[in-house]
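Trainee: Number 120 in the UniProt record's numbering belongs to position 120 of the sequence shown; there are no gaps in the numbering.
For each residue, glycine too, the CB sits at the ideal point set by N, CA and C.
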Amino acid sequence: MSETRVFYSVVYFQTSTIFKAAAMGMPRNPTTRLKNHWERVSSAAQSTLACALAQGLHARGKLTYILDGDNVRHGLNSDLGFKAEDRAENIRRMGEVAKLFADAGVICIASLISPYRKDRDACRSLLNEGEFIEVFMDAPLSLCESRDPKGLYKLARAGKIQGFTGIDDPYEPPLSCEIVLEQKDVNCASPATLAGQVISYLEEKGYLNAS
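As structure tokens, then:
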């Protein structure tokens, strides 16, 4: 089995740095082509959950990469704004990058705000049937606002941010997705528990059986 060396650029959310050293030299997943696409509105704790999922998969010997929407906007997509057409291009580019990871046998966990169904469907179409796992973080807007560390919702409600998903720009929930993770209040399940639900799904469907 060939060895792969994964080199990371700047990582903007701290938890994911634990994978920087651990992934060096880890063998690829030669028969696993998979993209986990996490979607939500802002402050649905998705980056935290993506890290928890990567930890769980790493413990099972699977090489993963977290493609985080905020990180990508610091580099590859730094030329894009938040108009509808820019958001569509942001998702398109991330979908293409995720496909490259899947082609290389790396499980790509794409964590991003993708409010429009047509953009999510376009990403799904890039992969073969069964290789795109859509995970919907179903959290009420009130919960997202309560855990808003950057104060973005407050700014949006004050009219200082335009086109903010969930406030003055629509979010189109999926009509059919593989996994729904519900967060109803502040006492919701821990990130590890929610990530465990995703891993259980992947195990049940046989995605993690290949060596």
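What does the alpha-carbon distance come out to for the pair LEU141 and PHE132?
Mentor: LEU141 and PHE132: Cα-Cα distance of roughly 26 Å.
Trainee: Using C-beta distances below 6 Å, list every residue in its chain close to PHE82, excluding the 5 sequence neighbours before and after it, in chain order.
Mentor: GLY163, listed in sequence order.
Trainee: Out of ASP70, GLU85 and ALA84, which has the shortest C-alpha to C-alpha gap to SER78?
Mentor: Of the listed residues, the one whose Cα sits closest to SER78 is ASP70.
Trainee: Take the Cβ of VAL180 as the centre, count every other Cβ of all protein chains shown within 10 Å, and call the residue buried at 16 or more, exposed below.
Mentor: So VAL180 counts as exposed.
Trainee: Who are the Cβ neighbours of ARG124 in its own chain at under 6 Å, not counting the five residues just before and after it?
Mentor: So the list reads PHE132, once near-sequence residues are dropped.
Trainee: Is the segment 112 to 123 close to the segment 145 to 156, with three or more CB pairs under 8 Å?
Mentor: The segment 112 to 123 vs the segment 145 to 156: no contact.
Trainee: Give me the DSSP bridge partner(s) of VAL180.
Mentor: The partner list for VAL180 (beta bridge, DSSP) reads PHE136.
Trainee: Considering only residues of the same chain and omitting the five flanking positions on each side of GLU172, which have a CB-CB separation below 8 Å?
Mentor: PRO115, TYR116 and ARG117, listed in sequence order.
Trainee: Which residues does DSSP list as the beta-bridge partners of TYR65?
Mentor: In the DSSP output, where bridge partners are listed per residue, TYR65 has CYS108.
Trainee: Using only CA atoms, which one of ILE107, ILE66, TYR201 and MET137 lies nearest to GLN183?
Mentor: The option with the nearest alpha carbon to GLN183 is MET137.
Trainee: Hey, how far is the Cα of GLU85 from the Cα of ARG92?
Mentor: So the alpha carbons of these two residues sit roughly 10 Å apart.
Trainee: To the nearest whole angstrom, what separates the beta carbons of GLU134 and PRO174, a pair I think is in contact under 8 Å?
Mentor: So it is a contact: roughly 6 Å between Cβ atoms.
Trainee: Quick check: what's the CA-CA separation for VAL72 versus PHE101?
Mentor: The straight-line gap from Cα to Cα measures roughly 15 Å.
Trainee: Taking buried to mean at least 16 other C-beta atoms within 10 Å of its own C-beta, is HIS47 buried or exposed?
Mentor: Sequence inspection shows Ser at residue 47; the His mentioned does not correspond to that position. Per the 10 Å Cβ criterion, buried.
Trainee: Tell whether a beta-carbon distance below 8 Å holds between ILE113 and LEU57.
Mentor: Contact flag unset, no.
Trainee: Based on Cα-Cα distance, which residue from GLU203, ILE66 and ALA50 lies nearest to LYS99?
Mentor: The shortest Cα separation from LYS99 among GLU203, ILE66 and ALA50 belongs to ILE66.
Trainee: Pick helix, strand or coil for ASP79, following the three-state DSSP scheme.
Mentor: Coil, per DSSP.
Trainee: Secondary structure at GLY86, three-state DSSP: helix, strand or coil?
Mentor: The sequence given here places Asp at residue 86; Gly does not occur at that position. Looking at ASP86 - three-state DSSP - the assignment turns out to be helix.
Trainee: Have a look at LEU49, GLY61, ALA195 and ALA139 and flag the residue whose alpha-carbon is nearest the alpha-carbon of ASN209.
Mentor: The option with the nearest alpha carbon to ASN209 is GLY61.
Trainee: So what does THR165 bridge to, in DSSP terms?
Mentor: Answer is ASP169.
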